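Below is one structure; the comments refer to it alone.
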Amino acid sequence: MRAARSRKAARTTSSTTPKSRGPISVSRIVVSDVEAGYGSVRVLHGVSISVDAGETVALLGTNGNGKSTLIHCIMGIVEPSAGSIVLESDDGARTELIGKTPQEVVELGISLVPEGRRLFPRLTVEENLMLGAYREAARRRIGDNLAFCFEAFPVLAERRRQLAGSMSGGEQQMLAIARALMSEPRILLVDEPSVGLAPILVSRMIAKIEELKEQRNLTVLMAEQNFNQAIKIADRGYIIVHGDIAFAASSAAALAENEMVKQYYLGA
Numbered sequence: 012m013r014a015a016r017s018r019k020a021a022r023t024t025s026s027t028t029p030k031s032r033g034p035i036s037v038s039r040i041v042v043s044d045v046e047a048g049y050g051s052v053r054v055l056h057g058v059s060i061s062v063d064a065g066e067t068v069a070l071l072g073t074n075g076n077g078k079s080t081l082i083h084c085i086m087g088i089v090e091p092s093a094g095s096i097v098l099e100s101d102d103g104a105r106t107e108l109i110g111k112t113p114q115e116v117v118e119l120g121i122s123l124v125p126e127g128r129r130l131f132p133r134l135t136v137e138e139n140l141m142l143g144a145y146r147e148a149a150r151r152r153i154g155d156n157l158a159f160c161f162e163a164f165p166v167l168a169e170r171r172r173q174l175a176g177s178m179s180g181g182e183q184q185m186l187a188i189a190r191a192l193m194s195e196p197r198i199l200l201v202d203e204p205s206v207g208l209a210p211i212l213v214s215r216m217i218a219k220i221e222e223l224k225e226q227r228n229l230t231v232l233m234a235e236q237n238f239n240q241a242i243k244i245a246d247r248g249y250i251i252v253h254g255d256i257a258f259a260a261s262s263a264a265a266l267a268e269n270e271m272v273k274q275y276y277l278g279a
């Protein structure tokens, strides 16, 4: 596993009322035959998925089946031993992501909401958000992006000077999502957003992800083990079992009707 390089905090500019952004450039991710693991332990065994522009795709599976590893491969945190991960831009450009650092992946318009939130507990809410403005283009609009995040999550505005480590789990998850948006991504990777949250907060967080997707014209890949919540916003999805794609659903309805899903996720 490659360690991400340390990021420098972006300089602040005066906060302004968020302006309406026109349709942003969108992209597609195509993962083909990816194998990856940690040392001698192989976790992914030739995984292939795709995420089209404007979609919300759910990557479903229980703990230990490779969801986070695949997300980390796309993000450049884990380097696959085989396969390809291609970013297809709307202008026809194709960029291989394998071999790129996490910083380079962010510059290409992909951002991660990590499992467990991974905030800086001794930094304030606002300082954590500023660290998310890694992309050079995003740093030039840091004031507008802060204003957008504070409007999307008013509690963050109220607690902008509060240390992140003193916030509740739900508030920290809001901050993690907002921090990812500070880089103005085209593609948002969301890893286990329901972990550690009360059921009512999970529902609200999933709904907020869908709302932000529409507001920011995002493409979303969400790794999640809570099937009932993920299916609420997913256009389609994949079931990953022991590092292999066990089922690929062409629609949310097809996913819900799959016998494997009924047995292992719905208790039918």
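With the numbering used here, letter number 238 in the sequence shown gets 249, and the count goes up by one each step, no holes. By construction, the Cβ of each residue, glycine as well, lies at the ideal position given by its N, Cα and C atoms. No experiment lies behind these values; they were computed from the predicted model shown.
Euclidean distance between Cα positions of residue i and residue j
i	j	result
residue 152	residue 89	30 Å
residue 41	residue 248	14 Å
residue 83	residue 169	32 Å
residue 305	residue 115	Residue 305 lies beyond the stretch modelled for the chain, which goes from 12 to 279, so this question has no answer here.
residue 177	residue 87	30 Å
residue 80	residue 188	19 Å
residue 197	residue 229	5 Å
residue 123	residue 234	11 Å
residue 221	residue 49	33 Å
residue 95	residue 166	40 Å
residue 52	residue 174	38 Å
residue 54	residue 211	32 Å
residue 236	residue 146	30 Å
residue 161	residue 130	17 Å
residue 269	residue 143	38 Å
residue 267	residue 217	17 Å
residue 109	residue 215	34 Å
residue 155	residue 74	38 Å
residue 181	residue 225	21 Å
Member of the options whose CA lies at the smallest distance from the CA of residue i
i	options	result
residue 148	105, 126, 264 and 194	194
residue 219	72, 79 and 163	163
residue 271	228, 72 and 47	72
residue 191	237, 157, 205 and 134	157
residue 203	128, 175 and 47	128
residue 125	225, 183, 239 and 238	183
residue 107	244, 250 and 38	38
residue 64	207, 120, 43 and 250	120
residue 133	112, 171 and 78	171
residue 67	241, 268 and 251	241
residue 135	186, 262, 268 and 225	186
residue 227	77, 199, 238 and 243	199
residue 91	43, 76, 268 and 265	43
residue 263	231, 154, 209 and 69	69
residue 78	46, 266, 215 and 113	46
residue 179	208, 250 and 109	208
residue 292	85, 97, 181 and 244	Outside the displayed range of the chain (12 to 279) lies residue 292, so it cannot be described from this structure.
Bridge partners - residue i, DSSP secondary structure assignment
i	result
residue 106	98
residue 122	199
residue 135	174
residue 93	46
Checklist line | Sequence ranges, alpha helix (DSSP H) only - wholly within the segment 148 to 176, length at least 4 | finding: 153 to 163 and 165 to 169
Item checked: Whole alpha helix (DSSP H) elements within the segment 237 to 261, 4-residue minimum -> 238 to 241
Note to self: Please give the ranges of any beta strand (DSSP E) in the segment 182 to 235, keeping only runs that are unbroken, at least 3 residues long and fully inside the region.
What the structure shows: 198 to 202 and 230 to 235
Item checked: At least 3 beta-carbon pairs within less than 8 Å: the segment 132 to 142 vs the segment 96 to 105 -> no
Item checked: Three CB pairs or more closer than 8 Å across the segment 53 to 63 and the segment 249 to 262 -> yes
Check: If you scan the segment 25 to 89 from start to end, which runs of the alpha helix (DSSP H) of 4 or more residues do you find wholly inside it?
Finding: 78 to 86
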